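Asks:
Chains as they are written, first to last, in this note's numbering: chain A, -6 to 111; chain B, 68 to 558.
#1: Going by Cα to Cα distance, which pick from 488/B, 125/B, 471/B, 521/B is closest to residue 356/B?
#2: Say the cut is 8 Å; is the CB of residue 73/B nearer than that to a heavy atom of the ligand GTP?
#3: Listing by chain order, which chain B residues have their CB less than 9 Å from the CB of residue 96/A?
#4: For residue 359/B, which residues from the same chain have a beta carbon less than 6 Å from its beta carbon, with the 5 sequence-adjacent residues on both sides left out?
#5: For residue 31/A, which three-state DSSP category applies?
#6: For a cutoff of 9 Å on Cβ pairs, would you count residue 365/B as touching chain A?
#7: Taking only three categories from DSSP, how would you classify residue 132/B?
#8: Looking at residue 516/B and residue 439/B, is the spacing between their C-beta atoms short of 9 Å?
#9: Pull out every residue of the segment 186 to 208 of chain B whose Cβ sits closer than 7 Å to any Cβ of chain A, in chain order.
#10: What separation, rounded to the nearest whole angstrom, lies between the Cα atoms of residue 419/B and residue 163/B?
#11: Would residue 227/B and residue 30/A qualify as a contact pair, given that the criterion is a beta-carbon distance under 9 Å?
#12: From this set, 61/A, 100/A, 95/A, which residue's C-alpha is nearest residue 20/A's C-alpha?
#13: What would DSSP say about residue 125/B, mapped onto helix, strand or coil?
#14: Say whether chain A places a C-beta atom closer than 9 Å to the C-beta of residue 265/B.
#15: Quick one, which residues of the segment 70 to 86 of chain A are near chain B if we go by CB-CB under 8 Å, in chain order?
#16: Contact defined as beta carbons within less than 8 Å: I believe residue 442/B pairs with residue 309/B. What is the distance between those atoms, to the nearest angstrom?
#17: If we ignore side chains and look at the alpha-carbon of each, how far apart do residue 502/B and residue 437/B end up?
#18: Taking any Cβ of chain A, which residues in the segment 252 to 264 of chain B have a Cβ under 9 Å from it, in chain order?
#19: On a Cα-Cα basis, can you pick out the residue from 247/B, 404/B, 361/B that is closest to residue 333/B?
#20: Output the boundary residues of the beta strand (DSSP E) element that contains residue 141/B.
#21: When you compare each of 187/B, 157/B, 149/B to residue 82/B by their alpha carbons, which one comes out closest?
#22: Per DSSP, what kind of secondary structure is residue 91/A in: helix, strand or coil?
#23: Check whether the segment 528 to 542 of chain B and the segment 384 to 399 of chain B touch, using three or more Cβ-Cβ pairs below 8 Å as the test.
#24: With contact counted as at least three CB pairs below 8 Å, one residue from each stretch, are the segment 100 to 117 of chain B and the segment 143 to 159 of chain B in contact?
#25: Pull the bridge partners of residue 62/A from the DSSP assignment, please.
#26: Take residue 339/B as the anchor and find which of 263/B, 90/B, 319/B, 141/B has the nearest alpha-carbon.
#27: For residue 100/A, which beta-bridge partners are listed by DSSP?
#28: If you count every other CB in all the chains shown that lies within 10 Å of the CB of residue 8/A, and 16 or more means buried, which is it?
#29: So is residue 37/A in contact with chain B if we call contact Cβ pairs under 9 Å?
#30: Skipping 5 residues on each side, what residues in its chain have a beta carbon closer than 8 Å to that of residue 4/A?
#31: Whose Cβ in chain A lies nearer than 7 Å to the Cβ of residue 234/B?
#32: Just tell me which of 218/B, 126/B, 161/B has its CA closest to the CA of residue 131/A.
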């Protein structure tokens, strides 16, 4: 029981990861796929932040009388990953706009029927 | 100067990219990009020279000592791959001028070259850096710019292919990120060299196993290793000709490098041997060679045919990695180099056909070989190299690959490598038959030979295919040094 409760943040991560990945695979709507991709990426952000926690550690801001800090490095890494994620989402949305312009639809199966791509 | 080269290789194209984007229309953006890529090729050559004669180069970014700061660490392996990437970019650029003017709308040309330089930045960055998180960042820089480049293709399928690649590529990169995180949580470092010293102590932990698996799957997606190759054929087919040439010759090669680096440098060698990774590589390699080559035979679009053939060639490299012996890794590295030469030449020749007739379906190119003899010649020699005929570069890679398989008495692999060559005879034969032996269908418009500016870079690569098929000192010597640097030995 302790194993499950003590690691609840990781269970949240795994749940989000699978929800995101499943959405990407199962949804035919291109926007919904992007949303799934975002959920998947966010779960990884949570994973990193969870790992950075040091038990009993304070927020990594220098203050008097604090001996133990959480590890700030994962936060910095994730800041970079968030930027990458934003760029990916922006590019994906731009592509969807252009797909809509030239196909008139953003449903995967309808695009497939039109010219067997995707 | 020495150490600075390794940083300059990444910084020069990175700074040039936004500059090119705001340059006025016309040929100026191309000229600047040409200058930058040529400079990078020269620098990469100097870097390889420095590494071979003075040993490993270590550059500390911002003066922060590793493992805390980011370190660029160059040994024979990445110097070799960086030179391939930079040299291919420098050869592609002269070819790009006319092809891009025809395929890309005029107002987008500066942005096109800007994205191409960003892609080059990313690819070179992956080869230069010694920091595993940095690898992820550069992986995404190159991937994001290649999605944009692919979407510029003439047909609307380019958009859907770019979208498909984006989804798959992002999943791959995120898997890589998960793996890096898990391993960071156990080692507390991101520097690959430092990780290599800490990992043996924690290698028994399940977290490390899981991290390893995530990283392998993530890179396999980027590598387009069968069955994770689904994004590649469409992306290569519908991308503008120049982008196909550049990506086919560099992007998957860099992913192979990352794979080698992680398998052999970061993780202790015994670690990978204890996991089923090597067997999986051999199985995936065999499956790619057979399935992708068979698919290639049935393609009607020439670019798609060559794209499927690329997936098969990646299978050969995976086989070499899977043997995990010095000969196997040497073979993978030689093939990495030679495949860049042959696919570069072939995609350039096909790009020249597209330049002339605006299409490259099998039924549209009937008899074109007689109208475009030089382009046809490039396809024939490139094809022979792909098949692995003695006297071409392809033969050398197949030779080493078969030797590696024989060493391990892997008879099935030997049979598959030879059978793969046979399948290559079939699909290249189909292409050559259509180009030369079928009567020309459309006699209304006279097709002439492609302009010199397209032919010259193509033939540079064609001659390289022959040269490196006859004089193997350079490639084999470099690949053997690189394999030794990775620390693989024959079991």
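Where a beta carbon is used, it is the ideal one built from N, C-alpha and C, also for glycine. Since the structure is predicted, the reported quantities are computational estimates derived from the model, not experimental observations.
Replies: Result, derived from the coordinates:
#1: Residue 356/B has its Cα closest to that of 488/B, out of 488/B, 125/B, 471/B, 521/B.
#2: Because no ligand of any kind appears in the structure shown, any question about the ligand GTP cannot be addressed here.
#3: Chain B residues near residue 96/A: 223, 226, 227.
#4: Hits under 6 Å: 375, 378, 379.
#5: In the structure shown, the three-state DSSP call for residue 31/A is helix.
#6: Under the Cβ criterion of 9 Å, residue 365/B is not counted among the residues facing chain A.
#7: Residue 132/B falls in the coil class under three-state DSSP.
#8: Yes; because the gap between Cβ atoms is below 9 Å, this pair is in contact.
#9: Hits within the stretch, in order: 200, 204, 207.
#10: Rounded to whole angstroms, the gap between the alpha carbons of residue 419/B and residue 163/B is 11 Å.
#11: Taking C-beta atoms as the reference points, residue 227/B and residue 30/A fail to come closer than 9 Å.
#12: Minimum Cα-Cα distance from residue 20/A among the listed residues 61/A, 100/A, 95/A corresponds to 100/A.
#13: Three-state DSSP puts residue 125/B in a strand.
#14: No, residue 265/B lies away from the interface with chain A (no Cβ there is under 9 Å from its Cβ).
#15: Flagged, chain order: 70, 73, 74, 77, 80, 81, 84, 85.
#16: Actually they do not touch by this definition, with Cβ atoms about 16 Å apart.
#17: Roughly 8 Å separates the two Cα atoms.
#18: From the segment 252 to 264 of chain B, only 252, 255, 257 have a Cβ closer than 9 Å to chain A.
#19: Out of 247/B, 404/B, 361/B, 247/B has the C-alpha closest to the C-alpha of residue 333/B.
#20: In this chain, the beta strand (DSSP E) harbouring residue 141/B covers 138 to 141.
#21: Comparing Cα-Cα distances from residue 82/B to each of 187/B, 157/B, 149/B, the minimum goes to 187/B.
#22: Of the three classes helix, strand and coil, the one that applies to residue 91/A here is helix, per DSSP.
#23: No, because fewer than three Cβ pairs between the segment 528 to 542 of chain B and the segment 384 to 399 of chain B fall closer than 8 Å, the two stretches do not touch.
#24: Touching, per the Cβ criterion.
#25: Residue pairing by DSSP places residue 62/A opposite 51/A in a beta bridge.
#26: The option with the nearest alpha carbon to residue 339/B is 263/B.
#27: According to DSSP, residue 100/A bridges with 22/A.
#28: Using a 10 angstroms sphere on the CB of residue 8/A, the tally of other CB atoms stays under 16, which defines it as exposed.
#29: Yes, its Cβ sits closer than 9 Å to a Cβ of chain B.
#30: Listed in chain order, the non-local C-beta contacts of residue 4/A below 8 Å within the same chain comprise -3, local neighbours out to five positions each way being set aside.
#31: Neighbourhood of residue 234/B in chain A, by CB distance below 7 Å: 17, 26, 30, in chain order.
#32: A query on residue 131/A cannot be resolved here, the shown segment of chain A reaching from -6 to 111 and no further.
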